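A short worksheet on the structure shown next.
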Amino acid sequence: MVKRTSFEHDDCPIARSLDAIGDWWSMLIIREALFGISRFSEFQKRLGLAKNILTVRLRALINQGILKTAPASDGSAYQEYLLTPKGRGVFPILVALRQWSEEFDEHPEEIATILVDKEKGKPVRKLELYSQDGRLLGAGDTALKPRPAGKQGRRVTA
Numbered sequence: 001m002v003k004r005t006s007f008e009h010d011d012c013p014i015a016r017s018l019d020a021i022g023d024w025w026s027m028l029i030i031r032e033a034l035f036g037i038s039r040f041s042e043f044q045k046r047l048g049l050a051k052n053i054l055t056v057r058l059r060a061l062i063n064q065g066i067l068k069t070a071p072a073s074d075g076s077a078y079q080e081y082l083l084t085p086k087g088r089g090v091f092p093i094l095v096a097l098r099q100w101s102e103e104f105d106e107h108p109e110e111i112a113t114i115l116v117d118k119e120k121g122k123p124v125r126k127l128e129l130y131s132q133d134g135r136l137l138g139a140g141d142t143a144l145k146p147r148p149a150g151k152q153g154r155r156v157t158a
């Protein structure tokens with residue numbers, strides 16, 4: 001078995017994020033947890049994931065502080081896997097991935113659902129990046145610069 005490279009201490013925040021949540025099973029587990037799924041058997045049923053792989057991914061998400069365990073809310077002997085604030089913080093990332101797929105997928109008509117505002121029932125607006133003064137930004141409108149002295153790492157990458 002080949003050991004995966006860890007980016008946990010990389011200077012790039014994108015690499016660090018991918019180290020925590022970068023494999024597709026982890027992202028899909030988080031997606032299901034955002035939909036309210038909390039039991040091992042529910043994750044397995046919804047994702048069709050082998051028990052050993054699910055066990056490893058759940059443990060990794062707990063170790064990363066994305067999920068936590070709690071006694072089952074129904075009083076049974078089972079435990080539940082619940083999102084932490086860090087885990088709930090993945091929501092905009094999943095929305096961005098969803099919207100990217102809706103825009104660029106070769107067969108968007110095969111996408112079975114749309115993301116809507118529960119209160120109004122209307123589709124959610126596309127995520128956009130704005131400057132502090134309210135201007136819409138694209139990749140060409142941004143740059144990376146070193147952190148102030150004392151907070152700078154070894155290198156700065158996208």
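Each residue of the sequence shown is one higher than the last, beginning at 1 in the UniProt record's numbering. Quick reminder that beta carbons are idealized off the backbone N, C-alpha and C, glycines included. Being a predicted model, the structure only gives us computed values, none of them experimental.
| Query | Result |
| --- | --- |
| Euclidean distance between Cα positions of Ser41 and Met27 | 17 Å |
| Span separating the alpha-carbon of Ala70 from that of Ala77 | 11 Å |
| Of the residues Ser6, Pro148, Asp74 and Asn52, the one placed nearest Ser38, counting alpha carbons only | Asp74 |
| Close beta carbons around Pro148, own chain, < 6 Å, minus the five adjacent residues each side | none |
| Three CB pairs or more closer than 8 Å across the region 11–25 and the region 45–60 | yes |
| First and last residue of the uninterrupted alpha helix (DSSP H) at Ala143 | Counting along the chain, Ala143 falls outside any alpha helix (DSSP H), and DSSP gives it neither H nor E. |
| Length of the line joining the Cα atoms of Gln65 and Thr84 | It should be pointed out that residue 65 corresponds to Gly in this sequence rather than to Gln. Gly65 and Thr84: Cα-Cα distance of roughly 7 Å. |
| Nearest-angstrom beta carbon gap, Val124 and Asp117 [assumed within contact, 8 Å] | 6 Å |
| Which of helix, strand or coil DSSP assigns to Leu127 | coil |
| Residue of Ile29, Leu67, Pro146 and Phe35 minimising C-alpha distance to Ala50 | Ile29 |
| Which of helix, strand or coil DSSP assigns to Pro13 | helix |
| Rounded distance between the beta-carbons of Asp105 and Ile111, thought under 8 Å | 7 Å |
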